[in-house]
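Note sheet for the following structure.
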Amino acid sequence: MNDQQPYYETMYILRPDIAEDEVTNHIDKYNKLLEEFGGTILDSQMRGKRRLAYQIAKHREGIYVQLSHQGDGQHIFKIEKAMRLGEDVIRYMTVKQEGPLPAPRPSNKSTAQSENKDNQEANVELKEKQPVTDPDDSTSGKNDTKIKENAES
Numbered sequence: 001m002n003d004q005q006p007y008y009e010t011m012y013i014l015r016p017d018i019a020e021d022e023v024t025n026h027i028d029k030y031n032k033l034l035e036e037f038g039g040t041i042l043d044s045q046m047r048g049k050r051r052l053a054y055q056i057a058k059h060r061e062g063i064y065v066q067l068s069h070q071g072d073g074q075h076i077f078k079i080e081k082a083m084r085l086g087e088d089v090i091r092y093m094t095v096k097q098e099g100p101l102p103a104p105r106p107s108n109k110s111t112a113q114s115e116n117k118d119n120q121e122a123n124v125e126l127k128e129k130q131p132v133t134d135p136d137d138s139t140s141g142k143n144d145t146k147i148k149e150n151a152e153s
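In full-length UniProt numbering, the protein residues as written are 1 to 153.
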């Protein structure tokens, strides 16, 4: 098995103000273009909207997309040119990687939703297990009665 083949990772950032269905259209568009230019897609993931380290084209946030692909290297210039000419891509970068090929992973959206459900269930369990305190038993109430007794004497 030859899992040590070189591959490429392209990370591109889309404008934050485009709709979610348009984001998927852009991802499909660049995936199809990559295959037309002779590349093979290994993995494509939308990483979600994140805050940028610095302002790019008057945007403080961006929608990150990671694309892992293989090819002869000639397809990179063509896909980057398409991204450069597209108005919705505000940044892109391609890096050559060497090592085991990336395995396709589930999207972050479904993972994040399942984590939120787990966290909510854990919070409910914690709330159920916490003892209920009576406000009359609080230490502040005892201190108030001591202060009143001292004031009366």
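All C-beta atoms, glycine included, are put in the ideal place defined by N, C-alpha and C.
Using only CA atoms, which one of the options lies nearest to residue i?
i           : options        : result
residue 32  : 101, 47, 75    : 75
residue 82  : 29, 47, 7      : 29
residue 94  : 86, 18, 72, 68 : 68
residue 22  : 100, 36, 87, 4 : 87
residue 47  : 27, 77, 98     : 27
residue 104 : 45, 98, 60     : 45
CB-CB under 8 Å to residue i, same chain, minus the five flanking residues each way: which ones, in chain order?
i          : result
residue 13 : 52, 56, 62, 63, 64, 65, 89, 90, 91, 92
residue 20 : none
residue 84 : 92
residue 41 : 31, 34, 35, 67, 68, 69
Are the Cβ atoms of residue i and residue j separated by less than 8 Å?
i           : j          : result
residue 154 : residue 43 : A query on residue 154 cannot be resolved here, the shown segment of the chain reaching from 1 to 153 and no further.
residue 16  : residue 58 : no
residue 79  : residue 24 : no
Residue i bridges to which residues according to DSSP?
i          : result
residue 95 : 9
residue 69 : 8, 41
residue 46 : 65
residue 51 : 61
residue 56 : 59
Leaving aside the five residues before and after residue i along the sequence, list all residues of the same chain whose C-beta is less than 6 Å from its C-beta, in chain order.
i          : result
residue 8  : 69, 94, 96
residue 71 : 38, 39
residue 98 : 6
Taking 7 Å as the limit between beta carbons, can you name the residues of its chain near residue i, skipping five residues before and five after?
i           : result
residue 110 : Bear in mind that the predicted position of residue 110 carries a pLDDT of just 45, short of 50, making it unreliable; the figure below should be weighed with that in mind. Around residue 110: no qualifying Cβ.
residue 18  : 88
residue 60  : 51, 52
residue 124 : Only weak support exists for where residue 124 lies, its pLDDT of 48 falling under 50; the coordinates are left without a value.
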